[in-house]
Every structure is written in structure tokens, then in C-alpha cells.
Amino acid sequence: METRWTKAVDPESTLPAYPRPQMVRKQWLNLNGLWEYAVVPKEQQSVADYQGEILVPFCIESALSGLKRPLQPQERLWYRRKFELPRNWADQRVLLHFGAVDWEASVSINGHHLGVHRGGYLPFSFDVTTHLKALENELVVSVWDPTDTHWQQKGKQVLEPEQVFYTAVSGIWQTVWLEPVPQTHITRLKITPDIDSEQVKLEVFCAGEDSIRVVASVTEDGREVACAEGNVATEMLLEIKEPKLWSPDSPHLYDLNVHLSVDGVNTDEVASYFGMRKFGIAEDATGTPRMTLNNEFLFHNGLLDQGYWPDGLYTAPCDDALKYDIEVSKRLGFNMIRKHIKIEPARWYYHCDRIGIIVWQDMVNGGKISVSIPQMMLGMNGWLRRDDTTQKHYTKAWREDTASRDDFEREWRETIDTLYNTTSVGVWVPFNEAWGQFDANRIGKQVKEHDPTRTVDHASGWIDQGCPDLQSHHIYFRKLMAPKVTNGRVLVLSEYGGYSLKVPGHIWRKDKSFGYRKFKSSEELLNAYTSLIRGQLIPLIPAGYAAAVYTQTTDIETEINGLLTYDRKVVKMSEKAVRQLNDDLIFQGSGQSPQIR
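Read left to right, the sequence shown gives residues 3 to 599 (my numbering).
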């Protein structure tokens, strides 16, 4: 199955957009394109003869890779690419960046082993300076991916896809690139907007000398509105008087320039951006807790978005495709996307910031489902109780090994650190439907301590452990209802809907389809969706619902419950009608002015 962008993919210019929009340097070298590949037994530690070409960064299972074949747990995938450095990079250090590689990646350059990275969703890099040659260089990457035969974080990837579980993604699936930097250079920014004090808190982290000075400047339409100077790894305050606030209705962004200075001479410089916004919780006039943005009530009306593509699987075919789903979601009247158990490339979050849509970010699940399939399908969320801190539960969730639990805790911290500066991210979701869930109360509280600027949904759907901030329910197959709120939390319907329509000519497989409730025409689907919103959800807002997440943005493989077909060529209902329903839902749910606590 092709999307409208499939044929535009160019091996000579594959995903050419700058991959890190919140820390931009002028010079970089894109290593995407055709690489050599070989698939060999897992135990084989070297390759003499490569078997052909693969288009990076599309995973081996995808059509766009040119191979469209599975990688089995007993196999290892090898990549090789040769490149030359630009001549004007002399006397600089060179960093090799990987956006994401699933799962275990071993990297070498010119025969020198750089290291091993485990984890399929987060960026990593190596300083390759001392191993480079003046002319041709050889980069080799080998990948082992156990998919669902191991406890690692993997989302919905399985070796045998069906229903709500999808084709596995193995190997390089985000941009690979090189970047020249000075000896002392910026490694990370931490940007924290504070609309109440009209300030931005900025911390700059560096490699090299730590006594260097940091100079930061905030601009709006090319005009400087704030500046500050300070030390590395020390909080700086940038005052922005009467700031223009970021929201889905007005996604205003400020530009940020940061440079390092020695005796008044710039040694490194990066460009970034941020939005002035505040996510919070407040009680309405009846004492019901609700969600706020910038100290005003805002009903979060979102789509469950899983980020799968029929041609590239985890990887969108181009940047226009990457932002298309966001644009359509916004056009249909949604103000939020729940990014479901996947971490996207940095450019996806940049588009959310720029277009103006709130993101609920799931942590990627590992382990396994610790409830039965009937319980999962029936949505036994608030009515299912279990202590998730026992060894018995750990075993059910494939978390009996300390290494499994430690790996998840490392990754959720890295996820927050990676996405911390994203303006649009408003909610962290550590666990979904008990998949690999353990110690959710403790972890939910630790997530909140690690990032107090966002809301936490500690257990989306189930198994609820009573942790702040949200009481989160999934309801499929049954009439919507509002359970009793406990512990003073905000009540959210974090999954519902899943209404399905098969569109001939736009389906993954003719012999299989799955959906929670099936309809025969666009008119039937719209009537049911209208009844769901007007007849069930809006009347429950007074009972406390402050957010809702409809399943889902697009069809995915045999699951046909998307508002769009998998190929993104058909919107299944009248856009105007869906927009009107969503506008009404947000208006009814946002209501009166909050009493900020």
C-alpha cells in the first residue's frame, strides 16, 4: 500500500530536513540514503560480503527500505556506508548522531568500535573525531532486535501482527547524521517557561571547559525581547514582559539564540525556540478538578495517534507526510494528540509546537500485557483492581527481572529529558492498559518530581493505583459513563470510540479487518460519531470529564478504526461535520473561569 508521498521518496535526498529543530547548528551532513546491508545469524560478528542495498532510515520490514522482510530474533542486520567529510570541518570535533535504532546497535567507524546502544526509541551519539580519516571513511552498524521475544520497550511491535498489534520495526528508523562542533560545545538546553513570573528559566550544558560564559538572546520577529548572561549548568532568567502565550488557538513561539563566549569571542552557537505556556489543574465552581492551559480551563479533545505508515512503518516517507496527520487532526477540530506508545522524531514535536496541538506522550511499554485479552477489549479499567507492586504481578507483566524494571525506569527518564523543551507536550503517560506495568504509583510520583511542569496519567485505562494527577478510563463496546472520582483527581476518558469503516481500495488486507464497532457507510459512521459526542460524551462533562481521546487518527494494518484510511487518502466522515462536533465539545468542556489553587 502506498501513500500520496511514496513515489516522491528520493534515495539521493532522503529525509533532508534538519533533524534537531530545538538545537540547530549551521553545519551538518545527512547520512541517510542507500547503505549496504546483510542479514546473517545473530552469532556472526563480522560480514565480508554484503547482500545488497537498503534505504536508510527506513526499517528492513518496510516497503520503503527496498527489502520488506522481517528480521528474526536469531538474525543480525548489518549496515555499511562510506562517506567523506567536508574539507571545512578540519580542526573541529565531529559527532555521529542516530535518531533511533531498534533495538541493540553496535557501531564502528574505520574498524574502531565506538560502543553499543540498547533502546529503540531515543537518540544517541558518539564523538568520532579521533577515528576519522582525511578522505574516505567507513561506518558499520550491526543490529539485533528480539521484538516480542524479550522484555525490552517495543510498543505494539510483534513478529506475527494481528488486530491491535503491528509489524515489527528493526534497525535504523530515524535520521543518521554528522555534526562538527568546537572543542567546547553545547550539548543540551533546558528551557522552562514561567508565565506567572513572565520569565524563562534556561540551563545550558556543555562538553569541554566549564568556566566558559553563556550568552542567551530571545527574539520575536527578529526583534530582541530579552537577553541574559551566565555560567554553564547554572539557571539563567530571561524576562519577557507581557508575553504572548502559546495555545492551540494561537501557537506563538519565541526564537532563542545561545552561544558560548571566551573573552568576548563566540566559540559555539545554537538556535532554538520555545513557547510561553503553563499546563495545570484547577477546580471549577462546583469543586470539580479540571485541566487548564495558561490558567484557563481547556477541555483536551484528542486523537489516539500511533504513528504507523503503510510504506515506512515507523518512519514517515517525508517531512510533509510527518506533519500531515497533525494538520488534519487540527483541521478536524482536535486540540490534542495522544502519541501512543511511540516516540517520534524531533521534527514531529516541532510541527506540533508550530501548528499548535497539545501532546499527551506515552512512555513506550515493555514487558507484556498483564490482563486477559477479554479484559483488555472490554475496557475493565476503573473496575479492575490489582496491586502492581508484588512479585506475582511482576511475573504477569514480564517484569520479574530487576534488569527489565531498571531498563524501563532509565528510558522514562531519558524520554522526559529528550522531550522536556517541547512546548506542546502537556501530559506524561508512564503506563497504558497494564502493559508491562509495575510500581505505577511510585513511578507516577517520580515522573512528577522529575518534571513538575506537566500533568501525569500514571496508568492510562488500568490498572489504577490511585496516583495523581489523572483518573484515566478506557471505554469501548459499552455506553460511556462517568465513574466516581477518587483522590481529588481529574477524570479523563483517555480512550474511547474505535468506530470502524472499511473503505474499498484503501485497506491493508482484504481477508482481515478489526474494529470495535463496524459501519457500512460514511453516513452511518457520522451518525454514530455524532450520537457518541452529543448524546453520550457532552452530557458527562458536568460529572467531571475534562479530556477525551478518540481512537484513532488512521487505520493501521488490519485495524480499520481510523478517521483516515491507512494510506491517508480518504477522510471517512465530513470534515465540516466532525469539526463542528469537536468545536462544540471543547466549548462545552472548557466552560467557566477556573479557581487556581
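Note that beta-carbon positions come from the ideal geometry of N, C-alpha and C, so glycine has one too. Here the structure is a predicted model, which is why all the values come from computation and not from measurement.
| Item | Value |
| --- | --- |
| So Gln473 is in the beta strand (DSSP E); what residue range does that whole segment cover? | Leu472 to Ile477 |
| Would you mind listing the alpha helix (DSSP H) stretches within the segment 378–438 that are 4+ residues and don't spill past its ends, in chain order? | 393–398 and 404–421 |
| In whole angstroms, give me the CA-to-CA distance for Glu164 and Asn367. | 18 Å |
| Taking the alpha-carbon positions, what's the Asp327 to Asn563 distance? | 15 Å |
| Does the segment 491–504 come within contact of the segment 144–157, defined as at least 3 CB pairs closer than 8 Å? | no |
| CB-CB under 6 Å to Asn383, same chain, minus the five flanking residues each way: which ones, in chain order? | In this prediction, Asn383 scores a pLDDT of 49, lower than 50, which makes its location untrustworthy; the coordinate-derived value is nonetheless stated afterwards. Excluding residues within five positions, the ones whose Cβ falls inside 6 Å are Gly463, Trp464, His475 and His476. |
| Measuring straight from C-alpha to C-alpha, what distance separates Leu141 and Val109? | 8 Å |
| Can you give me the Cβ contacts of Asp557 inside the same chain, cut-off strictly under 6 Å, excluding the 5 residues immediately before and after it? | Gly564, Thr567 and Tyr568 |
| If I measure Cβ to Cβ from Met575 and keep anything under 8 Å in the same chain, skipping five residues before and after, which residues do I get? | Ser524, Leu527, Leu528, Tyr531 and Leu565 |
| State buried or exposed for Gly157, treating a residue as buried only when at least 16 other CB atoms are found within 10 Å of its CB. | buried |
| In this structure, what does DSSP give as the bridge partners for Leu495? | His475 and Ala550 |
| State the DSSP-derived secondary structure class of Cys354, mapped to helix, strand or coil. | helix |
| Could you check how far apart the C-beta atoms of Pro319 and Trp7 are, in whole angstroms? I think they sit under 8 Å. | 4 Å |
| Who does Leu79 pair with in a DSSP beta bridge? | Val41 and Val145 |
| Please identify the residue among Thr236, Phe410, Glu211 and Gln201 whose C-alpha is closest to the C-alpha of Val631. | Limits of the chain in this structure are 3 at one end and 599 at the other, which puts residue 631 out of reach. |
| Let's test the definition: count the other Cβ atoms within 10 Å of the Cβ of Asp270 and tell me whether it reaches 16, buried, or not, exposed. | buried |
| Considering only the beta carbon of each residue, do Lys28 and Pro75 sit closer than 9 Å? | no |
| Taking all protein chains shown into account, decide if His115 is buried (16 or more other Cβ within 10 angstroms of its Cβ) or exposed. | exposed |
| Would you report the Cα separation of Glu63 and Leu161, rounded to the nearest angstrom? | 11 Å |
| Evaluate the contact criterion for the segment 209–229 versus the segment 171–189: three or more CB pairs, one atom per stretch, below 8 Å. | yes |
| Label Arg599 either buried or exposed according to how many other C-beta atoms from any shown protein chain fall within 10 Å of its C-beta, with 16 as the threshold for buried. | Any reading at Arg599 needs caution, since the residue's pLDDT is 31, under 50, leaving its predicted position unreliable; the model's value is listed next. It is exposed - the Cβ of Arg599 has fewer than 16 other Cβ atoms within 10 Å. |
| Residue range of the beta strand (DSSP E) that Ile445 falls in? | Careful: Ile445 lies outside any beta strand (DSSP E), inside the alpha helix (DSSP H) at Ala442 to His452. |
| Between Glu222 and Asp257, is the Cβ-Cβ spacing less than 9 Å? | yes |
| Using DSSP with H/G/I as helix, E/B as strand and the rest coil, what is Ala348? | helix |
| Less than 8 Å between C-beta atoms, sequence neighbours within five positions excluded: which residues of the same chain meet that for Ser592? | Glu298, Phe299, Leu300 and Phe301 |
| DSSP three-state label for Lys578, please. | helix |
| Could you check if Asn337 is buried or exposed, using at least 16 other CB atoms within 10 Å of its CB as the buried criterion? | buried |
| Using a 10 Å radius around the Cβ and a threshold of 16 neighbouring Cβ atoms, would you call Arg333 buried or exposed? | exposed |
| Residues in the same chain with beta-carbon distance under 6 Å from Ser595, minus the five sequence neighbours each way, listed in chain order, please. | Only weak support is given to the placement of Ser595: the predicted model assigns it a pLDDT of 49, under 50, and the question is left unresolved by the model. |
| How far does the beta strand (DSSP E) with Asp321 in it extend, from its first residue to its last? | Asp321 -> not in any beta strand (DSSP E); alpha helix (DSSP H) instead, spanning Asp321 to Arg333. |
| Pick out whichever of Ala549, Glu402 and Arg456 has its Cα sitting closest to the Cα of Leu493. | Ala549 |
| Which whole runs of the beta strand (DSSP E) in the segment 245–316 are 3 residues long or more, in chain order? | 256–264, 267–276, 281–285, 291–295 and 302–307 |
| On the CB-based measure, 16 or more other CB atoms within 10 Å of its CB, does Gln46 come out buried or exposed? | exposed |
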